[in-house]
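**Student:** One structure, pasted below without further comment.
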Amino acid sequence: MATKKLYYEDSHLTSFEAQVLSCTQTQKGFEILLDATAFYPEGGGQAADTGTLGDASVLETRERGEEIIHLCDRPLEPGSRVTGQIDWEARFIRMQQHSGEHIVSGILHRRYGCSNTGFHMGKDRTVIDFDAVIPAQVLPEIEAEANRAVWQNLAVKCWYPTPEELPQVPYRSKKALPWPVRIVEIPGFDCCACCGTHVKSTGEIGIIKLFTAVPFRGGTRIEMACGIPALAYLNRVLEQSIRAGHVFSVPAEGIGEAAEAFGEQLAAQKYRVVELQRQLFAAVAKEYEGTGNVLRFEPNLDSTALRELADAVAQRCGGRAALFSGQDGQGYGYCLVSPGEDLRQFGKEMTAALHGRGGGKPNFQQGRVNATRQEIEAFFK
Ligand SMILES: [Zn+2]
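Residue numbers (the working numbering): 23 to 403.
Below, the structure is given as structure tokens:
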């Protein structure tokens, strides 16, 4: 027996009374069949409703032929009457996303003649794929137009044209659909064949926010959110912006500029640090003029700086410069430089003795050892 689809009579029906027709135990739970339901089954990109039937939780709702199956966590007595309650906020969010998606798809269809080739409604975001190239620069314009549809608070019309009327209806998605075809119309913005549930008037969508448009399979993938999740997302972003604004001592709207200026300052300072380091290394190297082999420890130099200092010292000392940076317990990075000497054999012996590894070129060796300063000094004696 066909289940009466109350969600098509009233998409805002949250609670209803129905008769239990059957209850079948399966591996996943109890499949309950009612004479009527407000639970929307999964379909057309819109997820299934959850909620309760009496004391039972409805875990999943799906369509099987003309029947709608409610998968519940406990059995219900066939013949009894039961009160159904759908998880309204989750359903309302899905309606906001779905109706908003229709408005955006309708606008893009009119502007680019494109069709919607994929539609996925996530928890926070909706992803729509279109078979046309839609440049990301037009998103603000599309978004503004879509939100004008929201502000106009247009009544959403869901109807079933007769076989005679249908060919005259200018709806999107002209692929052959099983009869009867349900049309969802948002006057002036969209007309589409759709089996989902929708808001009664576009004002309920609240806000339509488009996030990104990226090339996808020769077309474009657009990410967007409407209503409750859109506001929640914007609030999360605002909170981050305010926090970043405190760091830069600017209002949230100023953080882009402040961050760019900060980036430039940082780059200039890095350049300055490199310059000062070069001068410092030259001064340090000068102290080793003609001293022969050098062993030197540095508390905290990265491998690039360690090599620069080792090079500078080796140019002056006239022997082998062995530089180590690190601390006992954590090991030491090392750099060996000797312009006139093949260090490969020495490097191997050193890493073997000091539990390390490394390599390089004949007169330059770099790596790490797991040894203490004392052990390193003992090896070099
Ligand atoms: Zn739809």
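Idealized CB from N, CA, C, for every residue including glycine.
What you are looking at is a predicted structure, and each value in this text was computed from that prediction instead of being measured.
Identify the continuous beta strand (DSSP E) that holds Gln-47 and give its terminal residues.
**Tutor:** Position 25 of the sequence shown, counted from the start, is the residue given in the question as residue 47. Here the beta strand (DSSP E) through Gln-47 covers 37-47.
**Student:** Is the Cβ-Cβ distance between Asp-109 and Gly-73 less than 8 Å?
**Tutor:** On the sequence shown, position 87 is the one that residue 109 refers to. On the sequence shown, position 51 is the one that residue 73 refers to. Result yes, Cβ atoms of Asp-109 and Gly-73 sit closer than 8 Å.
**Student:** Using a Cβ-Cβ cut-off of 8 Å, state whether Leu-302 counts as contacting chain D.
**Tutor:** Of the protein chains in this structure there is only one, and it is not chain D.
**Student:** Nearest-angstrom Cα distance between Leu-35 and Val-172?
**Tutor:** Position 13 of the sequence shown holds residue 35. Position 150 of the sequence shown holds residue 172. Answer to the nearest angstrom: the Cα atoms are 22 Å apart.
**Student:** Assign Pro-161 to one of three DSSP states: helix, strand, or coil.
**Tutor:** Here residue 161 corresponds to residue number 139 of the sequence shown, with the count starting at 1. Inspection of the sequence shows that residue 161 is occupied by Leu rather than by Pro. Helix at Leu-161.
**Student:** Round the Cβ separation of Gly-106 and Ala-158 to the nearest angstrom and send it over; I've been treating them as touching at under 8 Å.
**Tutor:** As a first step, residue 106 is located in the sequence shown; it is residue number 84 there, counting from the start. As a first step, residue 158 is located in the sequence shown; it is residue number 136 there, counting from the start. Between Ala-158 and Gly-106 the Cβ distance is about 44 Å, and since that is not below 8 Å, they are no contact.
**Student:** Quick check: is any heavy atom of ligand 1 less than 7 Å from the C-beta of Gly-66?
**Tutor:** Here the question's residue 66 lines up with position 44 in the sequence shown. Yes.
**Student:** Under DSSP, the beta strand (DSSP E) around Ala-343 begins and ends at which residues?
**Tutor:** Within the sequence shown, numbered from 1, the residue matching residue 343 stands at position 321. Element bounds for Ala-343: 343-349.
**Student:** Three-state secondary structure (DSSP) at Asn-322?
**Tutor:** By 1-based counting over the sequence shown, the position of residue 322 is 300. In the structure shown, Asn-322 sits in coil (DSSP, three-state: anything other than H, G, I, E or B).
**Student:** Just list the residues that DSSP pairs Glu-82 with in beta bridges.
**Tutor:** For the purposes of this step, residue 82 is identified with residue 60 of the sequence shown, where counting begins at 1. Answer is Leu-93.
**Student:** Output needed for Gly-144: all residues of its chain with C-beta closer than 8 Å, excluding positions within five of it in sequence on either side, in chain order.
**Tutor:** Start at 1 with the first residue of the sequence shown, and residue 144 comes out as number 122. Correct list: empty, nothing qualifies.
**Student:** Whose C-alpha, out of Phe-346, Glu-311, Tyr-356, Lys-27, is nearest the C-alpha of Val-335?
**Tutor:** What you label residue 335 is simply residue 313 of the sequence shown in a count that begins at 1. Comparing Cα-Cα distances from Val-335 to each of Phe-346, Glu-311, Tyr-356, Lys-27, the minimum goes to Glu-311.
**Student:** Measuring alpha carbon to alpha carbon, tell me which of Ala-215, Leu-253, Arg-395, Lys-222 ends up nearest Leu-199.
**Tutor:** Mapped onto the sequence shown, residue 199 falls at position 177. Of Ala-215, Leu-253, Arg-395, Lys-222, the residue nearest in Cα terms is Ala-215.
**Student:** Can you list, in chain order, the residues of its chain with a C-beta nearer than 7 Å to that of Phe-211? Leave out the 5 residues immediately preceding and following it.
**Tutor:** Position 189 of the sequence shown, counted from the first residue, corresponds to residue 211. Cβ neighbours of Phe-211 beyond the five flanking positions: Ile-125, Gly-128, Ile-129, Ala-171.
**Student:** DSSP on Asn-257, reduced to helix/strand/coil?
**Tutor:** Position 235 of the sequence shown holds residue 257. It is helical.
**Student:** Considering only the beta carbon of each residue, do Gly-225 and Asn-257 sit closer than 8 Å?
**Tutor:** Position 203 of the sequence shown, counting from 1, holds the residue named residue 225. Position 235 of the sequence shown, counting from 1, holds the residue named residue 257. No; because the gap between Cβ atoms is not below 8 Å, this pair is not in contact.
**Student:** Can you tell which of Ala-289, Ile-227, Thr-242 has its C-alpha closest to the C-alpha of Glu-111?
**Tutor:** In the sequence shown, counting from the first residue as 1, residue 111 sits at position 89. With distances taken between Cα atoms, Glu-111 lies closest to Ile-227.
**Student:** Starting from the Cα of Leu-376, find the closest Cα among Leu-365, Phe-386, Tyr-356 and give me that residue.
**Tutor:** Within the sequence shown, numbered from 1, the residue matching residue 376 stands at position 354. If we check each option's Cα against that of Leu-376, Tyr-356 comes out closest.
**Student:** Classify Trp-173 as helix, strand or coil using the three-state DSSP reduction.
**Tutor:** Counting from 1 along the sequence shown, the entry for residue 173 is found at position 151. If DSSP states are grouped into helix, strand and coil, Trp-173 belongs with the helices.
**Student:** DSSP on Leu-199, reduced to helix/strand/coil?
**Tutor:** For this step, residue 199 is matched to residue 177 along the sequence shown. Coil.
**Student:** So, do the region 69-84 and the region 39-57 have three or more beta carbon pairs nearer to each other than 8 Å?
**Tutor:** Segments in contact, yes.
**Student:** Hey, would you say the C-beta of Val-295 is under 7 Å away from at least one heavy atom of ligand 1?
**Tutor:** Within the sequence shown, numbered from 1, the residue matching residue 295 stands at position 273. Not so, every heavy atom of ligand 1 lies at least 7 Å from the Cβ.
**Student:** Thinking C-alpha only, which one of Val-316, Arg-132, Tyr-62 is nearest Thr-219?
**Tutor:** Looking up residue 219 in the sequence shown gives position 197. Checked all of Val-316, Arg-132, Tyr-62; the closest Cα to Thr-219 is Tyr-62.
**Student:** Using DSSP with H/G/I as helix, E/B as strand and the rest coil, what is Pro-251?
**Tutor:** Counting from one through the sequence shown, the residue named residue 251 turns up at place 229. Of the three classes helix, strand and coil, the one that applies to Pro-251 here is helix, per DSSP.
**Student:** When the Cα atoms are used, what is the spatial distance from Glu-309 to Gly-267?
**Tutor:** Within the sequence shown, the letter at position 287 stands for residue 309. Within the sequence shown, the letter at position 245 stands for residue 267. Their Cα atoms are separated by approximately 47 Å.
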